[in-house]
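All remarks here apply to the structure that follows.
Structure representation (structure tokens):
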């Protein structure tokens, strides 16, 4: 997915198999763990990735975040984050209907 | 979990050296040269306590290494407990002893990732450098790791004798389906330091290998991520020691000593604390060993007034000690160090033309370790 491809908002993003996503109390943050490495996520990234469970489409995730943070102006930010998370290999997409 | 005091950092990385027993005898091993005298390994229950204490401090990455961690029959139990506590568990192995039964047990225990070492892309050199016949076994183990769905890091320690094979080593990593390849240029501690004359690559070799890696990175993209760790002997600025002494890493030795880095055991005047005498929290926060090189108060000139001191934090303590005899000296890799000539003598000095033939490698064996201990005692 490069920057010119539209985000497949009807598809289902999930954390890629190589990564583990968890809450770390010591850092007071969500983190992504992978072989011999870790990324500490900021609040926004944590809130988005927490919802990338393969059961919600990008559209549903965005709607959920809009409701939770009571803002309609988040679409572009969420799309940009999901795009870069996909380029980094953190997130995989599934087109199939939900199981 | 009780919070750490203000200013204290979280020891996010814990390396557990479960044993110094190892079926391989690699001439570049970073284990202490006197490992043969280190006995009385921590028990399963002691490791459980150490894991819980580390997790309470905020440790989250756990490297299970040694020696060969599979030499411990309780490895699966230790992995299961670490997984239960929420660690991300990395098994760092030669592959020897990793059969179908143990692989399945480790998967069930919750192991997250396997790092498999090769010594070279060829059977001949792999088997020569490790002083074992293990190349074919490692190939089979790689297949087993992927069959069980683990992410796999292939690790290869790089030095003068294999650095010209870097292209073939990358090909091997692609062939076995590794997600990451760690090309770790030899750091000259422990056994590698004893074999430095034979193992230090030439400047030309290093430059060629860097060009090869850059070319592959362009061609293969994200399919294989190559981590290229370069020895800093050819640089003019040192590297941070373990991201900063006592900031991020704790290494627990098989007998329970807690070290700020793998090689700290050889440093004189550092009284390493043991998990048998104190809690990890006390050790991390209050022990003289972990506080010794924190901050910049310990720094001599030219570090103390140097604008770059926050970047490299004075460099590597073990390198400073090995090359200058003073554990508190500026890392002599820095060309501002008054002792930088020590590094230049090494990198520009005469080299054997046929390294391992003119002067045989000293392999990491219990026998050689015992001889070295005897020599040290005589002196």
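Residue numbers (our numbering), protein chains in the order written: chain A, 5 to 103; chain B, 13 to 391.
Cβ atoms here follow ideal geometry from the backbone N, Cα and C, with glycine treated the same way.
In this text the structure is predicted, and so the values were computed from the model without any measurement.
Near residue i, what residues of its chain come up, given a Cβ to Cβ distance below 8 Å and the 5 sequence neighbours on each side ignored?
i	result
residue 374 of chain B	39, 203, 206, 207 and 380
residue 31 of chain B	53, 78, 79, 80, 81, 83, 84 and 266
residue 100 of chain B	72, 73, 74, 124 and 125
residue 281 of chain B	339
residue 54 of chain A	25 and 34
residue 461 of chain B	Not covered by the structure: residue 461 of chain B. The range shown for chain B is 13 to 391.
Taking only beta-carbon atoms, is residue i less than 8 Å away from chain A?
i	result
residue 241 of chain B	no
residue 42 of chain B	no
residue 17 of chain B	no
residue 65 of chain B	no
residue 78 of chain B	no
residue 210 of chain B	no
residue 230 of chain B	no
residue 70 of chain B	yes
residue 311 of chain B	no
residue 199 of chain B	no
residue 24 of chain B	yes
residue 383 of chain B	no
From the options, pick the residue whose C-alpha is nearest to that of residue i; which is it?
i	options	result
residue 149 of chain B	B/174, B/107, B/185 and B/124	B/107
residue 350 of chain B	B/292, B/312 and B/53	B/312
residue 84 of chain B	B/95, B/35 and B/130	B/35
residue 279 of chain B	B/357, B/44 and B/286	B/44
residue 28 of chain B	B/82, B/201, B/263 and B/173	B/263
residue 304 of chain B	B/319, B/287 and B/325	B/325
residue 235 of chain B	B/255, B/241 and B/186	B/186
residue 38 of chain A	A/30, A/48, A/32 and A/26	A/26
residue 87 of chain B	B/190, B/98 and B/119	B/119
residue 92 of chain B	B/385, B/60 and B/337	B/60
residue 221 of chain B	B/249, B/176 and B/200	B/176
residue 275 of chain B	B/226, B/290, B/333 and B/315	B/333
residue 92 of chain A	A/43, A/66, A/67 and A/77	A/43
residue 50 of chain B	B/352, B/337, B/268 and B/322	B/268
residue 227 of chain B	B/178, B/372, B/138 and B/200	B/178
residue 98 of chain B	B/104, B/69, B/110 and B/105	B/69
residue 21 of chain B	B/316, B/238, B/261 and B/237	B/261
residue 90 of chain B	B/110, B/63 and B/152	B/63
residue 210 of chain B	B/146, B/171 and B/105	B/171
residue 33 of chain B	B/48, B/348 and B/363	B/48
residue 111 of chain B	B/17, B/156 and B/365	B/156
residue 353 of chain B	B/316, B/247 and B/146	B/247
Note down, in chain order, each residue of its chain lying with its Cβ closer than 7 Å to the Cβ of residue i, except the 5 sequence neighbours on either side.
i	result
residue 80 of chain A	none
residue 15 of chain B	none
residue 295 of chain B	270, 285 and 302
residue 11 of chain A	62, 83, 86 and 87
residue 28 of chain A	35
residue 251 of chain B	244, 324, 327 and 328
residue 9 of chain A	none
residue 310 of chain B	304 and 340
Using C-beta distances below 6 Å, list every residue in its chain close to residue i, excluding the 5 sequence neighbours before and after it, in chain order.
i	result
residue 66 of chain B	26 and 292
residue 398 of chain B	Absent from the model: residue 398 of chain B. The displayed extent of chain B is 13 to 391, so no value can be given.
residue 392 of chain B	There is no way to answer for residue 392 of chain B, as the model of chain B reaches only from 13 to 391.
residue 237 of chain B	192
residue 201 of chain B	42, 275 and 330
residue 188 of chain B	154
Just the chain A side, please: which residues come within less than 7 Å of residue i by C-beta, in chain order?
i	result
residue 125 of chain B	39
residue 234 of chain B	93
For chain B, find out if any of its Cβ atoms is closer than 8 Å to the Cβ of residue i; answer yes or no.
i	result
residue 30 of chain A	yes
residue 98 of chain A	no
residue 35 of chain A	yes
residue 102 of chain A	At residue 102 of chain A, the pLDDT of 47 sits below 50, so the modelled position is not reliable and the matter cannot be decided from this model.
Going along chain B in order, which residues have a C-beta closer than 7 Å to the C-beta of residue i?
i	result
residue 22 of chain A	163 and 191
Under the criterion of a Cβ to heavy atom distance below 7 Å, does residue i qualify as lining the ligand MG?
i	result
residue 91 of chain A	Ligands displayed in this structure: none; no statement on the ligand MG is therefore possible.
Using a cut-off of 8 Å between C-beta atoms, extract the partners of residue i located in chain A.
i	result
residue 131 of chain B	The premise fails here: residue 131 of chain B is roughly 19 Å from chain A at the closest Cβ pair, so nothing lies under 8 Å.
residue 73 of chain B	37, 40, 41 and 42
Interfacial residues, the segment 80–104 of chain B to chain C, with Cβ spacing under 8 Å: Judged by its chain identifiers, the structure shown contains no chain C, and its protein chains are A and B.
Proximal residues, the segment 335–346 of chain B versus chain A, C-beta separation under 9 Å: none
Chain B contacts made by the segment 73–89 of chain A, where a contact means CB separation under 8 Å: none
Selection of the segment 105–124 of chain B by Cβ proximity to chain A, strictly under 7 Å: 124
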